[in-house]
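Q:
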Ligand code: NAP
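In the numbering used here, the protein residues as written are 98 to 399.
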C-alpha cells in the first residue's frame, strides 16, 4: 500500500518512523504519481491542497482531531477519518483538570506578598458544578477525570446521547447547561453550527464569577463579548488555548487582559506513539474494504 504523507515538513522527523513501525507493509511517501496513492495521511499546513488527483485513495486519515480545515476542502471526495488517539484524550483531560483546579482552589489568591489570606475555606469539588460542551472523545475523557475528583459534571451535545456516569443535556438545553456552569469547558468542534455559540447573550447566562476554559476552537467564542463579560466582572477568568487566528497576533487584546490566560494551542497533542497504531489500523481497514473508524460526517462537519 502506498500512502502519501500530506503534512507540514516539520512533522516528518517525528512521524515517519512511528508510522512505518506501526504499518511495516506501507510504502510511506511524500510525493509521487497521485494515481498510485492508496491512502493519505493528512495534517493542516502542508503543501497539498488539491486532493482531486488522488483518484485511487481510499482514505484520508487526519492526524488531528479537529478537521475543519480539511472537511471544508471542496476537492476532498475520499472518506475522511479524524484522529481518535488515547494520548490525545489523556492530554486533554490532564490539561482541563489542571486549569479547573486552578479555578476551583482559587490558586491566584495566594501571592507572595506577606498577606495571610486564611479567610476562605477551600471548597470541595462536589460543590463546584462543571459543564463540558461536547461529549465526544475528548469531552468524555475530561468529564471522566473530573468526575473521579468529585466534580458534578454536566455534558452538553447536539444529540444529548447518554454517556455513562454523566448527565448529558441535548441541543435544546443549552440555557440550562450554561446557567449551572461555575466552570465551563468548551470542547465543541468548529462547524457552521458552533461558530459564535458563546456570544454575549450566552456568556451572560453563566453564573457570576464563572470561569471559561476553551481548548475546543476559537471560532466558538465571540472575542469581544468575552472581554466585555470579563470587564463587567460577570466572568471570573478565561483560559484560552485556541483562537480565531493562530498564532494569536501580538497586538491581540487577549494577551494583555488580566482576566485571560493564553496558552498556545498546546492543550492536547497527537502523540505519534499512540496515534500511529490508530492510523495504521484504519489504513488496513481501508485497504481490506472494511468499515473505516472515526469517519467524519461531512454534512455535520465533524
Ligand atoms: P468529537 O468526538 O467529534 O465530539 C464532538 C462533540 O461535539 C460531540 O459530542 C458532538 O455532539 C458535539 N457537537 C458538535 N456540534 C455540536 C453542536 N452544534 N451543538 C452541540 N454539540 C455539538 O470530537 P473530539 O475528539 O471530542 O474533539 C473535540 C474538539 O476538540 C475538536 O474538534 C477540536 O476542535 C478540539 N481539539 C483541540 C485540541 C487542542 O490542543 N486545543 C486538540 C484536539 C482537539 P454529538 O455527540 O451529539 O455528535
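Cβ atoms here follow ideal geometry from the backbone N, Cα and C, with glycine treated the same way.
Please list the terminal residues of the continuous beta strand (DSSP E) segment that includes residue 283.
A: Per DSSP, residue 283 belongs to the beta strand (DSSP E) from 280 to 283.
Q: Who are the near neighbours of residue 300 in its chain, counting only those whose CB is closer than 6 Å to its CB and skipping five residues on each side?
A: 322 and 326.
Q: Got a sec: does the ligand NAP put a non-hydrogen atom nearer than 6 Å to the Cβ of residue 364?
A: Yes, Cβ of residue 364 sits closer than 6 Å to a heavy atom of the ligand NAP.
Q: Are the region 387 to 395 and the region 353 to 365 touching by the rule of at least three beta carbon pairs closer than 8 Å?
A: No: fewer than three Cβ pairs fall under 8 Å.
Q: Per the contact definition of three or more C-beta pairs closer than 8 Å, is the region 299 to 314 in contact with the region 192 to 202?
A: Yes: at least three Cβ pairs fall under 8 Å.
Q: So, do the region 157 to 166 and the region 136 to 149 have three or more beta carbon pairs nearer to each other than 8 Å?
A: Segments in contact, yes.
Q: Excluding the 5 residues flanking residue 350 on each side, which residues of the same chain have their C-beta closer than 7 Å to its C-beta?
A: 324, listed in sequence order.
Q: When you compare only the Cα positions, how much space is there between residue 277 and residue 240?
A: Answer to the nearest angstrom: the Cα atoms are 15 Å apart.
Q: So which of 237, 229 and 314 has the shortest CA-CA distance to residue 273?
A: It is 229 whose Cα lies nearest to the Cα of residue 273.
Q: Closer than 6 Å by C-beta to residue 297: which residues in its own chain qualify, once you throw out the five before and the five after it? Chain order, please.
A: Excluding residues within five positions, the ones whose Cβ falls inside 6 Å are 322.
Q: Check each candidate in 335, 304, 127 and 328 and name the one with the smallest Cα separation from residue 315.
A: When only C-alpha atoms are compared, the closest one is 335.
Q: What runs of the beta strand (DSSP E), each 3 residues or longer, lie entirely inside the region 281 to 317?
A: Here the runs fully enclosed are 307 to 311.
Q: Reducing DSSP to helix, strand and coil, say where residue 189 ends up.
A: Reduced to three states, the DSSP call for residue 189 is helix.
Q: Does DSSP put residue 324 in a helix, in a strand, or in coil?
A: If DSSP states are grouped into helix, strand and coil, residue 324 belongs with the helices.
Q: Between the region 233 to 250 and the region 279 to 291, do three or more beta carbon pairs fall short of 8 Å?
A: Yes, they touch.
Q: Exposed or buried, which one is residue 333 when buried takes at least 16 other CB atoms within 10 Å?
A: The residue in question, residue 333, is buried, as its Cβ has 16 or more Cβ neighbours within 10 Å.
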